[in-house]
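Trainee:
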Amino acid sequence: MELRTELLKSIWYAFTALDTEKSGKVSKSQLKVLSHNLYTVLCIPHDPVALEEHFRDDDDGPVSSQGYMPYLNKYILDKVEEGAFVKESFDELCWTLTAKKNYKPDRNGNSVISHTDAFKLWCLFNFLSEDKYPLVMVPDEVEYLLKKVCTAMNIELNSGELDDYLSQEALQQSGLTVWQFLDLVNSGRFLRGIEREAISMAVEEVYQEIIGDVLKQGYLWKKGHLRRNWSERWFTLKPSELSYYESEERKEKKGSISLDRNSCVEILPDKDGKRCMFCVKTASRTYEMSASDTRQRQEWTLAIQVAIRLQAEGKKSLHKDLKQKRREQREQRERKKAAKEEEMQRLKQLQEEKERKLQELELLKEAQKQAELLLQEEEQRRQQQHEEMQKMLEIQLREAEQARASMQAEMVLKEAEAERQRKRIKELEEMQKRLQDALQQEVRARQDEEAVRYAQARLLAEEEDKLKQLMKLKEEQEEYIIQAQHEKLVLKQEMENKSKFLEDAQKQLEEVRVNRERVDQDVMLAQRKLQQASTNVKHWNVQMNRLMHPIAPGGKRTVASGGFSGFNPELLSRRDSSLKLKQSLEKKKSDALKDQSKENVNGETEKQLQTPDKDNPSSATL
1 MELRTELLKS
11 IWYAFTALDT
21 EKSGKVSKSQ
31 LKVLSHNLYT
41 VLCIPHDPVA
51 LEEHFRDDDD
61 GPVSSQGYMP
71 YLNKYILDKV
81 EEGAFVKESF
91 DELCWTLTAK
101 KNYKPDRNGN
111 SVISHTDAFK
121 LWCLFNFLSE
131 DKYPLVMVPD
141 EVEYLLKKVC
151 TAMNIELNSG
161 ELDDYLSQEA
171 LQQSGLTVWQ
181 FLDLVNSGRF
191 LRGIEREAIS
201 MAVEEVYQEI
211 IGDVLKQGYL
221 WKKGHLRRNW
231 SERWFTLKPS
241 ELSYYESEER
251 KEKKGSISLD
261 RNSCVEILPD
271 KDGKRCMFCV
281 KTASRTYEMS
291 ASDTRQRQEW
301 TLAIQVAIRL
311 QAEGKKSLHK
321 DLKQKRREQR
331 EQRERKKAAK
341 EEEMQRLKQL
351 QEEKERKLQE
361 LELLKEAQKQ
371 AELLLQEEEQ
381 RRQQQHEEMQ
391 KMLEIQLREA
401 EQARASMQAE
411 MVLKEAEAER
421 QRKRIKELEE
431 MQKRLQDALQ
441 QEVRARQDEE
451 AVRYAQARLL
461 AEEEDKLKQL
471 MKLKEEQEEY
481 IIQAQHEKLV
491 LKQEMENKSK
501 FLEDAQKQLE
511 EVRVNRERVD
521 QDVMLAQRKL
531 QQASTNVKHW
541 NVQMNRLMHP
551 IAPGGKRTVA
561 SGGFSGFNPE
571 LLSRRDSSLK
581 LKQSLEKKKS
591 DALKDQSKEN
601 VNGETEKQLQ
611 TPDKDNPSSA
621 TL
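Using the numbering used here, the first residue of the sequence shown is number 1, and each one after it goes up by one.
#1: Going by the DSSP bridge assignment, what does Ile-267 pair with across the sheet?
#2: Report the rounded CA-to-CA distance for Glu-161 versus Arg-227, giving the unit in angstroms.
#3: Compare the C-beta of Lys-348 against all C-beta atoms of chain B and say whether one is closer than 8 Å.
#4: Using a Cβ-Cβ cutoff of less than 8 Å, which residues in the same chain neighbour Asp-140 once the five nearest sequence positions on both sides are dropped?
#5: Span of the alpha helix (DSSP H) holding Gln-383?
#6: Is the distance from the Cβ of Val-203 to the Cβ of Asp-117 below 8 Å?
#7: What do you get for Gly-563, buried or exposed, if any count of 16 or more other CB atoms within 10 angstroms of its CB means buried?
#8: On the DSSP letters alone, give me the boundaries of the alpha helix (DSSP H) that Lys-238 sits inside.
#9: Would you tell me roughly how many angstroms separate the C-alpha atoms of Phe-181 and Ala-338, rounded to the nearest one?
#10: Rounded to a whole number of angstroms, what is the C-alpha to C-alpha distance between Glu-309 and Ser-258?
#11: Could you pull out every residue in the same chain whose Cβ sits closer than 6 Å to the Cβ of Lys-147, ignoring the five residues on either side in sequence?
#12: From Arg-434 to Arg-422, what distance separates their C-alpha atoms?
#13: How many Å lie between Ser-10 and Glu-463 at the Cα?
#14: What's the gap between the Cα of Gly-314 and the Cα of Ile-76?
#15: In the DSSP assignment, find the unbroken beta strand (DSSP E) run with Thr-96 in it and report its ends.
#16: How far does the alpha helix (DSSP H) with Met-201 in it extend, from its first residue to its last?
#17: Name the one or two DSSP bridge partners that Trp-234 has.
#18: Name the residue from Gln-66, Phe-125, Pro-70, Ser-111 whose alpha carbon lies nearest to the alpha carbon of Trp-95.
#19: Write down the C-beta distance between His-319 and Ile-210 rounded to the nearest angstrom, noting that I regard them as a contact closer than 8 Å.
#20: Is Val-149 helix, strand or coil when you go by DSSP?
#21: Would you kindly check if the distance between the Cβ of Lys-323 and the Cβ of Pro-239 is under 8 Å?
#22: What are the boundary residues of the alpha helix (DSSP H) that Met-69 is part of?
#23: Please classify Gly-273: does DSSP put it in a helix, a strand, or coil?
#24: Which residues does DSSP pair with Glu-81 in a beta bridge?
#25: Assuming the contact rule is C-beta atoms closer than 8 Å, Ile-194 and Leu-237 should be a hit. Round their C-beta distance to whole Å, please.
#26: Grab the span of the beta strand (DSSP E) containing Gly-160 for me, first residue to last.
#27: Sorted by chain position, which residues of the same chain lie with C-beta nearer than 6 Å to Leu-3's C-beta, five sequence neighbours on each side aside?
#28: For the candidate residues Tyr-287, Glu-366, Glu-355, Val-306, whose alpha-carbon lies nearest to that of Arg-261?
#29: If you draw a straight line from the alpha carbon of Ser-159 to that of Ala-152, how long is it in whole angstroms?
#30: Whose C-beta lies closer than 6 Å to the C-beta of Leu-97 among residues of the same chain, with five residues either side of it excluded?
#31: Go through its chain and collect everything with a Cβ distance to Thr-282's Cβ below 7 Å, but skip five positions before and after it.
#32: For Leu-473, is the classification buried or exposed, using 16 other Cβ atoms within 10 angstroms of its Cβ as the cut-off for buried?
#33: CB Met-289 to CB Lys-216, shorter than 8 Å?
#34: What three-state label does DSSP hand Tyr-287 in the structure shown?
#35: Note down, in chain order, each residue of its chain lying with its Cβ closer than 7 Å to the Cβ of Leu-145, except the 5 sequence neighbours on either side.
#36: Do Leu-176 and Val-136 have their C-beta atoms within less than 8 Å of each other?
Quick look at the structure:
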């Protein structure tokens, strides 16, 4: 079930990548090609009949994800066998389809991570994302993954800046998509000042640990089973086995140690000149190993104990177990938080209900007091109204008398006011004439102003055209500057490459010089050996000449060389000259002929010593 869930996540990305119109549907031809590729990478026998039958073009429109799922489950996912295919090849297929559409690194090559590292982070995102679509990673998992990468580089993650980024309301509610996560990593906000190679190595380490289920890897010394010698090997620990290779490239696997619930690891005392030793005991044999220091030994023993514990608990992956535990802890926190919020809400409602009842009680008391006050006020108001009515009647009588007198006075004032109004009308008529004259002057002034504004607008248009030309010249100048900077960078890169090639050539020349000096030393040694051989030959010639003159028992006498048939002075002189000629030739030969020259010299010497013995038996007797 876990494998099906992981495969569906990658297939979901491939399906959405083919959905170019974002309608939730993909054409049948594209799904047919996708299914064929899935058959290939999942190592499932092809079923062309079912493929053609399911994707026949006898109906209208593309297929949705719900319509594709029955075929995907029946003919592909139900036939998948764990371990029968390479999971990384399957992920690369889905990544290739989705990255072309969605992954947009920096076009100038300034991305923090490479395309391969982006693929590995995509796989890590799929592993840690939630099991619901669209796929997102909760902020806790984002922080966990970034901390793992930073720990692999021996640096500390800037949690404050990450919390500020993840505290956005949209991210808190929905989580982070894989493309937002890759943009976040490529932005360099949390990996400033770190080389790209270091980031790549850290991503590879985290990828091997989480996706490859590698609990630990590194160099250890291992004692052989038959030869009992110590060899340094690169060890890779997984929950089911401990494999070891010739080197960290893991090209040549030397063997593996199967782990089960009956296996154990023990600390050993130092011996055989090795320190920080420990052993892994299985049912078949015991493997002795040595770490570089005590800390490494402690880490290896703890990691192996974790692998044995996973085998005893029947679990295949440590990080799947950790992911499930983190998810359960988050759900438990959410439940506690929801329960706490519900309890707070209930308490708040009870408090509001209590306050509401207290307010109602206070309102009832206040209403009762107000009713009593209103009764008193109503009685007082009635008495005041009766008194006021009497006073108002008296006042109205007095006012009526005063109004009649005032009306008469007003009539006189109105007549005077009418006379003033007639005079005012005449003045207003004269003022209207003056205003009409002023209005005509203003119209002429406005016409003059319109003419001036038209001329000013024409000048502004000309100025705007000149400004556009100036901006165009400025843009061309900026493009030329950018092109010049790019050419400068290219020339700088070529100079660096040439300088690197020159350094390599100098190193090779130095190696040739060292080899030449070594060959010259070998030639001088060969010359000294040839000179020693020549000296030995001369010595033996002298000894042989002495042997050619035997001593008679009666006294000393000179024996002619012709009396001995085996002795030939001319032959000896010719051989002497030939030896000198060979010595001069041997000095010019290569190192491969040195041994042959020494054999030739020794052979000639033996022949010269053996020749007199065969011709003159008396010399051999002497």
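A virtual CB, placed ideally from N, CA and C, is assigned to each residue, including glycine.
Mentor: Once the coordinates are examined:
#1: Your numbering for residue 267 matches position 267 in the sequence shown. Bridge partners of Ile-267: Phe-278.
#2: For the purposes of this step, residue 161 is taken as the residue at position 161 of the sequence shown. For the purposes of this step, residue 227 is taken as the residue at position 227 of the sequence shown. Between Glu-161 and Arg-227, the C-alpha separation is close to 57 Å.
#3: Absent from the structure: chain B. Only one protein chain is present.
#4: Position 140 of the sequence shown holds residue 140. Counting only Cβ-Cβ distances below 8 Å, and skipping sequence neighbours, we find Arg-326, Arg-330.
#5: Taking the first residue of the sequence shown as position 1, residue 383 is located at position 383. Here the alpha helix (DSSP H) through Gln-383 covers 318-547.
#6: Reading the sequence shown from its first residue, position 203 is the one you call residue 203. Reading the sequence shown from its first residue, position 117 is the one you call residue 117. In contact: Val-203 and Asp-117 (Cβ atoms closer than 8 Å).
#7: The count along the sequence shown starts at 1 and reaches residue 563 at position 563. In this predicted model, Gly-563 has a pLDDT of only 41, less than 50, meaning its place in the structure is not dependable; the value taken from the coordinates is given anyway. Exposed.
#8: Translated into positions along the sequence shown, residue 238 becomes position 238. Unbroken run through Lys-238: none, as it is neither H nor E.
#9: As a working mapping, residue 181 is identified with position 181 in the sequence shown. As a working mapping, residue 338 is identified with position 338 in the sequence shown. Taking the straight line joining both Cα atoms gives about 28 Å.
#10: Taking the sequence shown and counting its residues from 1, one reaches residue 309 at position 309. Taking the sequence shown and counting its residues from 1, one reaches residue 258 at position 258. Strictly speaking, residue 309 in this sequence is Arg, with Glu absent from that position. In a straight line, the C-alpha of Arg-309 is about 14 Å away from that of Ser-258.
#11: Along the sequence shown, read from residue 1 onward, the residue named residue 147 stands at position 147. Correct list, in chain order: Leu-157.
#12: Working through the sequence shown from its first residue, we reach residue 434 at position 434. Working through the sequence shown from its first residue, we reach residue 422 at position 422. Arg-434 and Arg-422: Cα-Cα distance of roughly 19 Å.
#13: What you label residue 10 is simply residue 10 of the sequence shown in a count that begins at 1. What you label residue 463 is simply residue 463 of the sequence shown in a count that begins at 1. About 59 Å.
#14: Indexing the sequence shown from 1 puts residue 314 at position 314. Indexing the sequence shown from 1 puts residue 76 at position 76. The alpha-carbon atoms of Gly-314 and Ile-76 are separated by roughly 27 Å.
#15: Position 96 of the sequence shown, counted from the start, is the residue given in the question as residue 96. Run containing Thr-96: none in the beta strand (DSSP E); it sits in the alpha helix (DSSP H), 87-102.
#16: For the purposes of this step, residue 201 is identified with residue 201 of the sequence shown, where counting begins at 1. First-last of the alpha helix (DSSP H) with Met-201: 196-210.
#17: Translated into positions along the sequence shown, residue 234 becomes position 234. Beta-bridge pairing links Trp-234 to Tyr-219, Tyr-245.
#18: Indexing the sequence shown from 1 puts residue 95 at position 95. Considering only alpha carbons, the answer is Phe-125.
#19: The residue you call residue 319 lines up with position 319 of the sequence shown. The residue you call residue 210 lines up with position 210 of the sequence shown. 5 Å between Cβ atoms; contact.
#20: For the purposes of this step, residue 149 is identified with residue 149 of the sequence shown, where counting begins at 1. Note: Val-149 maps to helix in three-state DSSP.
#21: Here residue 239 corresponds to residue number 239 of the sequence shown, with the count starting at 1. Here residue 323 corresponds to residue number 323 of the sequence shown, with the count starting at 1. The answer is no: Cβ separation not under 8 Å.
#22: On the sequence shown, residue 69 is found 69 positions in, with the first residue counted as 1. Note, Met-69: alpha helix (DSSP H), 65-71.
#23: Working through the sequence shown from its first residue, we reach residue 273 at position 273. If DSSP states are grouped into helix, strand and coil, Gly-273 belongs with coil.
#24: Here residue 81 refers to the residue found at position 81 of the sequence shown. According to DSSP, which records beta bridges pairwise, Glu-81 is partnered with nothing at all.
#25: Numbered from its first residue, the sequence shown carries residue 194 at position 194. Numbered from its first residue, the sequence shown carries residue 237 at position 237. Not confirmed; about 27 Å, so no contact.
#26: Numbered from its first residue, the sequence shown carries residue 160 at position 160. Not the beta strand (DSSP E): Gly-160 falls in the alpha helix (DSSP H), residues 159-166.
#27: Within the sequence shown, the letter at position 3 stands for residue 3. Only Glu-82 meet the Cβ criterion.
#28: The residue labelled residue 261 in the question sits at position 261 within the sequence shown. If we check each option's Cα against that of Arg-261, Val-306 comes out closest.
#29: Position 159 of the sequence shown, counted from the start, is the residue given in the question as residue 159. Position 152 of the sequence shown, counted from the start, is the residue given in the question as residue 152. Taking the straight line joining both Cα atoms gives about 16 Å.
#30: Position 97 of the sequence shown holds residue 97. The answer, listed in chain order, is Ala-14, Ala-17.
#31: As a working mapping, residue 282 is identified with position 282 in the sequence shown. Within the same chain, Thr-282 has close Cβ partners Ile-257, Ser-258, Ser-263.
#32: Taking the first residue of the sequence shown as position 1, residue 473 is located at position 473. Flag for Leu-473 reads exposed.
#33: If you number the sequence shown from 1, residue 289 lands on position 289. If you number the sequence shown from 1, residue 216 lands on position 216. Against a cut-off of 8 Å, the Cβ pair of Lys-216 and Met-289 comes out as no contact.
#34: Position 287 of the sequence shown, counted from the first residue, corresponds to residue 287. Looking at Tyr-287 - three-state DSSP - the assignment turns out to be strand.
#35: On the sequence shown, position 145 is the one that residue 145 refers to. Answer for Leu-145: Leu-124, Leu-128, listed in chain order.
#36: As a first step, residue 176 must be located in the sequence shown, where it is residue number 176. As a first step, residue 136 must be located in the sequence shown, where it is residue number 136. Going by C-beta atoms, Leu-176 is nearer than 8 Å to Val-136.
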